[in-house]
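Residues 0 to 189 in numbering that gives the first Met the number 0 are what the sequence shown spells out, letter by letter.
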Amino acid sequence: MFLYRHFVPNLTIGAPVIESLRKHTKAYLDCHLMVTNPIDYVEPLGKAGASGFTFHVEVSKENWQELIQKIKLKGMRPGVALKPGTPIEEVYPLINSENPVEMVLVMTVEPGFGGQKFMPEMMEKVRMLRNKYPSLDIEVDGGLGPSTIDVAASAGANCIVAGSSVFGAPEPAAVISLMRKSVLENQEKC
Ligand SMILES: O=C(CO)[C@@H](O)[C@H](O)COP(=O)(O)O
């Protein structure tokens, strides 16, 4: 997870942290850039060893084709995120493109802070995406945990970002297992 302060008021993880993590893990490092100038971060994050690079559709209306191309050239998987107020139709051109994004992140809270309440009304966006693109990776972020995972997974989400519910749990691994099980069970039903 990678946040910056151009789009939201806080600053957390940057390329040096990704570089340090990469020395210790082969795990998928999924970077969500809440920034107004994502293109400036493609080079440093690619070099640092990021796996996924997700930018916001709201700030990339003009240069998304160039951005996707650069992300792929640096060996990362491109993804696009959208805020709760942004219509799902805005990401369709980026999926239908000859050089498409490989993941869509539907924000289920206003971006910026952990610990917010899950917005179930965002599931309509997830359902619309899943119906239109059966094999697309669809990520959800915000308020995900044992009480909301089934709603998200049954709508079609298969990549789950969870902060408070995992880090605040007495047994984080059990919460991760429960959420993974829900995603897998719902995928089997499709
Ligand atoms: O940072 C954000 C939103 O920008 C959070 O949504 C976290 O990415 C997840 O935190 P929880 O909602 O799971 O506490």
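Here a beta-carbon is modelled for each residue, glycine too, at the ideal position from N, C-alpha and C.
If you're wondering where the values come from, they're calculated on a predicted model, not measured in any experiment.
Can residue i be considered in contact with ligand 1, in the sense that its beta carbon sits closer than 8 Å to one or more heavy atoms?
i: D149; result: no
i: L20; result: no
i: P99; result: no
i: G114; result: yes
i: G141; result: yes
i: A49; result: no
i: P110; result: yes
i: M75; result: no
i: A161; result: yes
i: S164; result: yes
i: G78; result: no
i: M106; result: yes
i: G144; result: yes
i: M121; result: no
i: M178; result: no
i: M118; result: no
i: M127; result: no
i: M102; result: no
Please check the pair residue i and residue j, which I expect to be a contact at CB under 8 Å, by giving their CB distance rounded to whole angstroms.
i: L143; j: F117; result: 7 Å
i: M121; j: T107; result: 5 Å
i: V174; j: S164; result: 6 Å
i: S190; j: P37; result: This structure leaves residue 190 out entirely; the chain is present only between 0 and 189.
i: I17; j: A49; result: 5 Å
i: S192; j: N185; result: This structure gives no information on residue 192, because the portion of the chain shown stretches from 0 to 189.
i: P83; j: E109; result: 6 Å
Secondary structure at residue i, three-state DSSP: helix, strand or coil?
i: L117; result: The sequence shown places Phe at residue 117, not Leu. In this structure, F117 counts as coil in the three-state DSSP scheme.
i: G45; result: helix
i: F54; result: strand
i: V103; result: strand
i: P77; result: strand
i: E187; result: helix
i: V34; result: coil
i: V139; result: strand
i: I94; result: helix
i: V108; result: coil
i: E18; result: helix
i: Y3; result: For Y3, the predicted structure reports a pLDDT of 49, less than 50, and the residue's modelled location is therefore unreliable. The matter cannot be settled from this model.
i: I175; result: helix
i: I12; result: coil
Would residue i pass as an interface residue toward chain B - the criterion being a Cβ-Cβ separation below 9 Å?
i: E65; result: This model lacks chain B altogether, as it is built from one protein chain only.
Open item on the list: I'd like to know if the segment 90-109 and the segment 130-140 are in contact, where contact means that at least 3 CB-CB pairs between them fall below 8 Å.
Closed with: yes
- [ ] Please determine if the segment 88-98 and the segment 45-65 are in contact, where contact requires at least 3 C-beta pairs separated by less than 8 Å.
- [x] yes
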